[in-house]
Each structure stands twice: as C-alpha cells, then as structure tokens.
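What follows is one structure encoded as structure tokens, with my remarks underneath.
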Amino acid sequence: EYQKYFKMLKVGMPKETVRQALERDGKDPLAADMDPEKSYSSQAKKEDVDPLLKEEYAKFFKMLKMGLPAGAVRQALQKEGK
Numbered sequence: 332e333y334q335k336y337f338k339m340l341k342v343g344m345p346k347e348t349v350r351q352a353l354e355r356d357g358k359d360p361l362a363a364d365m366d367p368e369k370s371y372s373s374q375a376k377k378e379d380v381d382p383l384l385k386e387e388y389a390k391f392f393k394m395l396k397m398g399l400p401a402g403a404v405r406q407a408l409q410k411e412g413k
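In our numbering, each residue's number is its place in the sequence shown (first place is 1) plus 331.
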C-alpha cells in the first residue's frame, strides 16, 4: 500500500512532498523517511497499544479509512478534547 509513495521518493520527489501526500491519504507520514527499497511493514515500528486507548480512538481511525481529510479528523479530535 506504500509502494506508490516509495516510487515517488525513488524518482526524486522531495520528502516533504511525499509526507504531504501520505498525510492527505491518511497514511503514516514517517514512511517518507524509510528506505524505499524495503517494504513499509518491515520498517514500521511495532508498538504495543493499550486496548482501551485503541478503542477510544477507533472512530477517528475509521474516519481516516473512510477518506476524510486528516485535517478534519484532527479537528474532530480537538473538538472532543483529545
């Protein structure tokens, strides 16, 4: 799912442009700092997330998956005081 962004890096697009594209598409913007020759999953940090915390933010992740812009989701988070 990140091949498109790694290709952007390979052809010489600036990292900041790739980061913006990642954010726009609801993806991890830190992927722009990863090695484009390796897969995202092999480089992504595996973190243990508290299940209650994950449940608390589930609706916001769903908003991103549905295609809402990251800015709108950020605004919804702020509105709820998170």
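Glycine included, C-beta positions come from ideal geometry on N, C-alpha and C.
Computed from a predicted structure; not experimentally measured.
- Non-local C-beta neighbours of residue 358 in its own chain, meaning closer than 6 Å and more than five positions away in sequence, are absent.
- With a threshold of 16 other beta carbon atoms within 10 Å, residue 353 meets it and is buried.
- Here residue 360 is actually not in contact with residue 340; their C-beta atoms are around 13 Å apart, not less than 8 Å.
- When DSSP states are grouped into helix, strand and coil, residue 359 belongs to the coil group.
- Taking C-beta atoms as the reference points, residue 362 and residue 333 count as a pair closer than 8 Å.
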